[in-house]
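The next block holds one structure in the form of structure tokens; read it before the comments.
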Amino acid sequence: FGSRLGWKEHLSPLCVTMQGYGRMAPSSSSFQPSAGATALTASRNAHPTTRLDSFMKHTDPGFQNAEAPTQGDRFIRKMATYGQVRPSVSFISESRVARPMKETSAIDMSNLPQHAMDPRGDPREGTFEIPPPPEKVDDSFIAMYKNHSLMLPSERYKEHLKMKAGHQKWKEERDAVFRYRKRMQVLERKHPEGILGVDGPTHPDTILYRDRHEQLAQQAELKAQHAEGRFAHLHAQNVSDDAVAHRNFGTDPNWERSKDIAIQRKKVDPEAHPFRFLDTHERLFPKYTPVWDPERAAALRSHEVRDKKHNIVNGADNSMSYAVALPWEEIQRQAVEKRMAEIESRKMRSQSANEI
Numbered sequence: 224f225g226s227r228l229g230w231k232e233h234l235s236p237l238c239v240t241m242q243g244y245g246r247m248a249p250s251s252s253s254f255q256p257s258a259g260a261t262a263l264t265a266s267r268n269a270h271p272t273t274r275l276d277s278f279m280k281h282t283d284p285g286f287q288n289a290e291a292p293t294q295g296d297r298f299i300r301k302m303a304t305y306g307q308v309r310p311s312v313s314f315i316s317e318s319r320v321a322r323p324m325k326e327t328s329a330i331d332m333s334n335l336p337q338h339a340m341d342p343r344g345d346p347r348e349g350t351f352e353i354p355p356p357p358e359k360v361d362d363s364f365i366a367m368y369k370n371h372s373l374m375l376p377s378e379r380y381k382e383h384l385k386m387k388a389g390h391q392k393w394k395e396e397r398d399a400v401f402r403y404r405k406r407m408q409v410l411e412r413k414h415p416e417g418i419l420g421v422d423g424p425t426h427p428d429t430i431l432y433r434d435r436h437e438q439l440a441q442q443a444e445l446k447a448q449h450a451e452g453r454f455a456h457l458h459a460q461n462v463s464d465d466a467v468a469h470r471n472f473g474t475d476p477n478w479e480r481s482k483d484i485a486i487q488r489k490k491v492d493p494e495a496h497p498f499r500f501l502d503t504h505e506r507l508f509p510k511y512t513p514v515w516d517p518e519r520a521a522a523l524r525s526h527e528v529r530d531k532k533h534n535i536v537n538g539a540d541n542s543m544s545y546a547v548a549l550p551w552e553e554i555q556r557q558a559v560e561k562r563m564a565e566i567e568s569r570k571m572r573s574q575s576a577n578e579i
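For what it's worth, this note's numbering labels the leading residue of the sequence shown as 224, then goes sequentially.
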């Protein structure tokens with residue numbers, strides 16, 4: 224080219240080589256790359272799966288949500304209910320009609336075993352069992368190892384045989400414990416719902432699944448209590464009075480006035496509330512005025528002495544009686560009744576003596 228300024232300056236301004244790609248692109252300042260090209264260029268060194276995901280989210284409307292970008296420093300949780308959203312499988316494959324309720328359907332979820340594991344009177348039920356291991360492994364033979372006393376050869380040999388037999392028994396019992404634990408783990412992990420026709424958590428007399436049976440029984444009890452409380456609560460919320468619901472409208476209930484209206488009302492009963500039926504003259508000039516009220520006197524004195532049961536000066540008992548003398552007529556009547564009772568008892572004693 225005859226110049227040291229560089230060979231790129233002698234090229235046509237309409238074409239510029241893209242560094243790293245070897246492709247020709249127009250050098251016009253009005254050129255705008257597409258969203259797909261931008262996505263691919265931004266994820267040039269990423270994994271192909273990530274590049275494809277970015278390309279689809281930038282180009283395909285089916286992979287874009289309808290939520291507009293939120294500006295600011297606050298996050299608002301919302302759900303897109305319109306726009307280019309991908310419908311769910313249940314929305315495009317099922318009709319809008321309600322699903323029919325079948326025998327195998329359930330209103331709520333359940334963690335109970337399947338119905339085939341329930342007891343059905345099979346003669347094999349309860350026949351499978353895993354014998355439990357001994358409660359305590361016998362390791363008393365270890366104490367013989369610490370015996371360093373002088374012994375005859377025959378005694379030492381007998382002790383050796385005992386240690387050998389004890390060690391063998393200890394190994395068998397330990398293996399039984401490990402084997403029982405392993406068999407129970409296999410049974411709980413690989414057969415958690417039970418053994419078909421033999422045993423399971425729903426069997427009332429099960430031994431292998433006793434813990435799981437008690438858990439399910441407690442769960443059923445709590446669920447029944449919750450359902451009973453829920454039923455009572457819903458009944459209290461949905462119940463309505465007969466007058467409000469217009470039940471038996473137009474019929475004579477044979478009640479007092481305003482008895483059918485579920486509101487608080489005054490009780491107009493002359494026997495229970497006689498003062499509501501007194502006029503002004505009867506209230507100001509009552510016919511009966513009590514002269515002495517022992518209960519009122521006891522209350523007044525209790526207030527005066529601040530409910531103290533002792534004298535504040537000498538500490539003596541300050542209790543007193545509020546009984547008053549009866550009228551003369553009442554005393555005479557009681558004396559006559561007492562005299563008549565004595566006469567009757569004397570007659571009864573004389574009659575019994577004559578009969579004897």
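Even glycine gets a Cβ: it sits at the ideal position worked out from N, Cα and C.
- Counting of Cβ neighbours within 10 angstroms places residue 432 among the buried residues, the total reaching 16 or more.
- DSSP places residue 533 in the strand class (E or B) of the three-state scheme.
- With a threshold of 16 other beta carbon atoms within 10 Å, residue 398 falls short and is exposed.
- Bridge partners of residue 418 according to DSSP: 422.
- Close CB contacts of residue 493 within its chain, under the 6 Å cut and outside five residues either way in sequence, are with 500 (chain order).
- Residue burial is scored here from C-beta neighbours: residue 530 has fewer than 16 other C-beta atoms within 10 angstroms and is therefore classed as exposed.
- Annotated three-state conformation of residue 540 is strand, per DSSP.
- For residue 455, the enclosing alpha helix (DSSP H) starts and ends at 433 to 461.
- Pairing residue 471 with residue 419, the inter-Cα distance amounts to about 57 Å.
- Secondary structure at residue 375: coil, using DSSP grouped into helix, strand and coil.
- Across the structure, residue 561 and residue 502 are spaced so that their CA atoms are roughly 44 Å apart.
- For residue 374, the number of other beta carbons within 10 angstroms of its own is below 16, and it is reported as exposed.
- In the pairwise beta carbon analysis, the stretch 383 to 394 is classified as not touching the stretch 403 to 420: fewer than three pairs are separated by under 8 Å.
- Residue 558 has its alpha-carbon roughly 24 Å from the corresponding atom of residue 517.
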